[in-house]
Structures are given as structure tokens and as C-alpha cells.
Ligand SMILES: Nc1ncnc2c1ncn2[C@@H]1O[C@H](COP(=O)(O)OP(=O)(O)OP(=O)(O)O)[C@@H](O)[C@H]1O
Ligand SMILES: [Mg+2]
């Protein structure tokens with residue numbers, strides 16, 4: 001039978017099929033590789049393929065077995081989770097953002113009222129008003145970047161700039177919670193190939209977790225440490241409640257949260273994004289002392305050179 005005449009393999013996947021077939025002719029197995037197949041009606045299915053050669057009694061190859069597992073539903077659920085995470089971050093940021101924008105507006109209003117009454121030094125008022133308006137512009141432009149539909153675009157970006165922008169966005173939430181940001185950018189590499197929006201999403205998730213863990217306030221340290229060969233370590237260190245063992249074991253499982261209004265997706269999505277950047281995440285935590293989240297990212301990572 002000619003494999004290629006089977007209608008369940010879409011034409012553009014013939015090459016991949018040939019590769020699997022060749023592997024098995026050489027006596028190798030295909031272990032859980034993700035493939036696309038199609039139904040009779042042409043509908044596409046995401047599948048996991050596991051295949052291995054079969055030998056006769058004398059050890060000669062005389063066939064092969066293939067197991068397909070349909071993961072279409074699972075893929076859809078993952079996509080759905082990504083979207084709901086985006087919405088929830090936006091929703092949770094909204095309260096902080098409203099506050100952040102109301103402050104400069106209140107001060108602008110005050111100066112307009114003073115000027116209307118013919119009081120004070122107009123020139124000085126204008127300068128303050130312009131800087132307040134610029135702050136509103138900055139926050140809105142940050143929000144628009146995050147809200148835009150996400151197409152992944154890898155570019156060389158200064159990580160210190162991304163972190164500073166995220167801190168600006170979360171400033172009001174920090175102040176409301178009596179949390180003080182401390183930045184420690186150590187000398188060394190400053191740029192990484194990354195998707196700016198995705199990394200910002202990760203930084204927001206982790207910094208928000210840290211702010212939320214410090215119910216009585218405290219210091220939140222954001223570190224960039226490039227003193228290692230070929231890798232950058234970004235740390236978010238808080239003085240919050242810490243993570244007990246039983247929570248640590250479940251962190252990153254979808255929908256696992258200890259918060260009344262949490263979605264429990266923050267950590268999982270962040271981990272996935274960091275892994276997509278060929279990095280990894282380490283957590284160190286002590287109950288009632290605080291938590292350290294360390295992201296290690298390879299400086300050499302360049303998606304254009306990968307695959
Ligand atoms: N810095 C931290 N300090 C203490 N506990 C933390 C910290 N980060 C995460 N956790 C714990 O891990 C759980 C899962 O975190 P995750 O970010 O995935 O979801 P969440 O914060 O609960 O919800 P969401 O991210 O949607 O707001 C949290 O509910 C919290 O118990
Ligand atoms: Mg969270």
C-alpha cells in the first residue's frame with residue numbers, strides 16, 4: 001500500500017511522514033512527536049505519534065506499528081487558557097491603572113483651578129501639568145502594547161528598560177500596598193533576543209505575585225545579574241508571606257491559586273513563556289521571610305538561528 005495515497009495525511013506533511021518512515025527503516029522509534037492529520041471531511045487534528053519498527057522471528061524488520069493520540073481538544077483548551085490569562089491580567093491591572101491615571105488628573109485639575117482664579121506662577125504650573133500629562137501618556141501607551149493582539153516578534157531588547165516600564169505600570173499598586181521597589185542592575189550584558197510583550201507579561205505576573213504576598217508592605221528587589229557566562233539572571237525578590245511546601249508542590253498547575261480573586265494561571269503562563277525563550281525558572285522561598293524568583297535566560301538565544 002502506498003502510504004502517501006492515504007487521505008489522512010495532509011499533503012504538506014508528506015515530508016515529515018517520510019522522515020518518520022526513514023527513522024523506522026533504520027530501526028529507530030518515533031517517541032511522542034506532535035503531528036497534524038486530517039479527517040475524511042478534511043478537518044485537521046492535532047495528534048501525538050508514537051511509532052516503532054516490528055521485527056520477525058529472525059530479527060528482520062517486517063513492518064511497523066503506529067499509535068496516534070488525538071490532542072485537538074487539549075490544544076484548544078490551552079489556547080483558551082492563554083486568552084483568559086490575558087483578560088485576567090488586564091482586569092486586575094484595571095483598578096491600579098484607574099488609580100494611576102486619576103492622580104495626575106487630580107493634580108492637573110487643581111492647577112487649572114488655580115490658574116482660573118488668577119493665582120500663582122503659571123509657568124511653573126505648565127511644567128508640572130505637562131509632566132503629569134506625559135505620565136498619563138506613558139501609562140496608556142504601555143497598556144495599549146499589552147492589549148494589542150499578540151503576534152510573537154523576537155527582537156534584541158534592553159531588559160532593564162522592559163523591567164522599568166513594567167515597574168512604572170505597577171507603581172500605583174506597589175504604593176497602595178506599601179511596597180517599595182528597589183532596582184539592582186549589575187554590569188554586564190543588557191540585551192536579550194525576546195518577545196517584548198511576552199517578557200513584560202512574565203515580569204508583571206511575578207512582580208504582582210510579590211506585591212500581593214507583602215500584605216504588610218516591604219521591599220521588592222528587581223535584579224539583573226549578567227555576571228555569568230552566556231546567561232542573564234533576572235530575580236524578583238520579595239519580603240512577603242513565603243510559599244509553604246504544600247503550595248510549592250502545586251505552583252504552576254493550571255488554576256491552582258490560594259487567592260480569592262486569583263486565576264492560578266500566572267505562574268504557568270510565565271513558565272511557558274520563559275521556556276519558549278530557552279530559559280528556566282527557579283523558586284526559593286521561606287515562610288514569613290519571602291520569596292525569590294530567578295529567571296535564567298541564555299544571552300546567545302536567537303530564534304533566527306534556532307531550528
Ligand atoms: N511571591 C510569592 N509569594 C508567596 N506566594 C506566591 C508567590 N508567587 C506565587 N505564590 C503562590 O502561588 C500561587 C499561584 O500563583 P499564580 O501566579 O500562578 O496564580 P495567582 O497569583 O494565584 O493568580 P493570578 O496570577 O491569576 O492573579 C498563588 O496563589 C500563591 O499562593
Ligand atoms: Mg499571580
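Residue numbers (the UniProt record's numbering): 1 to 307.
We put the CB at the ideal spot given by N, CA and C, even for glycine.
Just checking my contact of residue 191 with residue 156 at CB under 8 Å: how many whole Å lie between their CB atoms? For the purposes of this step, residue 191 is identified with residue 191 of the chain shown, where counting begins at 1. For the purposes of this step, residue 156 is identified with residue 156 of the chain shown, where counting begins at 1. Indeed they touch by this definition, with Cβ atoms about 5 Å apart.
For residue 240 and residue 213, which I take to be in contact (beta-carbon distance under 8 Å), what is that distance rounded to the nearest angstrom? Here the question's residue 240 lines up with position 240 in the chain shown. Here the question's residue 213 lines up with position 213 in the chain shown. Their Cβ separation, rounded to whole angstroms, is 3 Å, which keeps residue 240 and residue 213 in contact under 8 Å.
What residue range does the beta strand (DSSP E) around residue 351 cover? No statement about residue 351 is possible, as the shown extent of the chain runs from 1 to 307 and does not include it.
Near residue 170, what residues of its chain come up, given a Cβ to Cβ distance below 6 Å and the 5 sequence neighbours on each side ignored? Position 170 of the chain shown, counted from the start, is the residue given in the question as residue 170. 207.
Say the cut is 7 Å; is the CB of residue 291 nearer than that to a heavy atom of ligand 1? Position 291 of the chain shown, counted from the start, is the residue given in the question as residue 291. Yes, the beta carbon of residue 291 sits closer than 7 Å to at least one heavy atom of ligand 1.
Using three-state DSSP, classify residue 228 as helix, strand or coil. The residue you call residue 228 lines up with position 228 of the chain shown. DSSP places residue 228 in strand when its eight states are reduced to three.
Could you name each continuous alpha helix (DSSP H) segment of 4 residues or more that falls completely within the segment 210 to 293, going from the start of the chain to the end? 245 to 248 and 266 to 276
Among 46, 33 and 31, which has the Cα closest to the Cα of residue 10? Sequence index remark: in the chain shown, residue 10 carries index 10 (1-based). When only C-alpha atoms are compared, the closest one is 46.
Would you say the beta carbon of residue 210 is closer than 7 Å to some non-hydrogen atom of ligand 1? Along the chain shown, one-based indexing puts residue 210 at 210. Result yes, Cβ under 7 Å from ligand 1.
State the CB to CB distance for the pair residue 230 and residue 298, rounded to an integer number of angstroms; the pair is presumed to be in contact (CB under 8 Å). For this step, residue 230 is matched to residue 230 along the chain shown. For this step, residue 298 is matched to residue 298 along the chain shown. Indeed they touch by this definition, with Cβ atoms about 6 Å apart.
In this structure, what does DSSP give as the bridge partners for residue 182? On the chain shown, position 182 is the one that residue 182 refers to. In DSSP, residue 182 forms a bridge with 221.
Kindly list the residues whose CB is nearer than 8 Å to the CB of residue 255, restricted to its own chain and excluding five residues on each side of it in sequence; keep chain order. Indexing the chain shown from 1 puts residue 255 at position 255. 263, 264 and 265.
Coil, strand or helix - residue 49 by DSSP: Taking the chain shown and counting its residues from 1, one reaches residue 49 at position 49. If DSSP states are grouped into helix, strand and coil, residue 49 belongs with the strands.
Since residue 8 is in the alpha helix (DSSP H), which residue starts that stretch and which ends it? Taking the chain shown and counting its residues from 1, one reaches residue 8 at position 8. Run containing residue 8: none; DSSP gives neither H nor E here.
To the nearest angstrom, how far is it from the Cα of residue 216 to the Cα of residue 287? By 1-based counting over the chain shown, the position of residue 216 is 216. By 1-based counting over the chain shown, the position of residue 287 is 287. Taking the straight line from one Cα to the other gives about 14 Å.
Work out the CA separation of residue 123 and residue 281 for me, nearest whole Å. What you label residue 281 is simply residue 281 of the chain shown in a count that begins at 1. What you label residue 123 is simply residue 123 of the chain shown in a count that begins at 1. Each residue's Cα considered, the two are about 50 Å apart.
From residue 27 to residue 33, what distance separates their C-alpha atoms? The residue you call residue 27 lines up with position 27 of the chain shown. The residue you call residue 33 lines up with position 33 of the chain shown. Cα-Cα distance, rounded: 17 Å.
Whole angstroms is fine: what's the gap from residue 313's alpha carbon to residue 179's? With the chain running from 1 to 307 in the structure shown, residue 313 is simply not present.
Tell me, please, which residues DSSP counts as bridged to residue 36. Residue numbering aside, residue 36 sits at position 36 when the chain shown is read from its first letter. DSSP, once it has assigned bridges, lists 46 as partnering residue 36.
Mapping the DSSP letters down to three states, classify residue 119 as helix, strand or coil. Counting from 1 along the chain shown, the entry for residue 119 is found at position 119. Coil at residue 119, not helix or strand.
If you follow the alpha helix (DSSP H) that residue 301 is in, where does it begin and where does it stop? Residue mapping note: residue 301 aligns to position 301 of the chain shown, counting from 1. Taken as a continuous stretch (DSSP letters only), residue 301 belongs to no alpha helix (DSSP H), as it is neither H nor E.
For my contact list, residue 247 and residue 163 are in at a C-beta cut-off of 8 Å; report their separation, rounded to the angstrom. Here residue 247 is taken as the residue at index 247 of the chain shown, counted from 1. Here residue 163 is taken as the residue at index 163 of the chain shown, counted from 1. Contact flag wrong, Cβ pair sits at about 26 Å.
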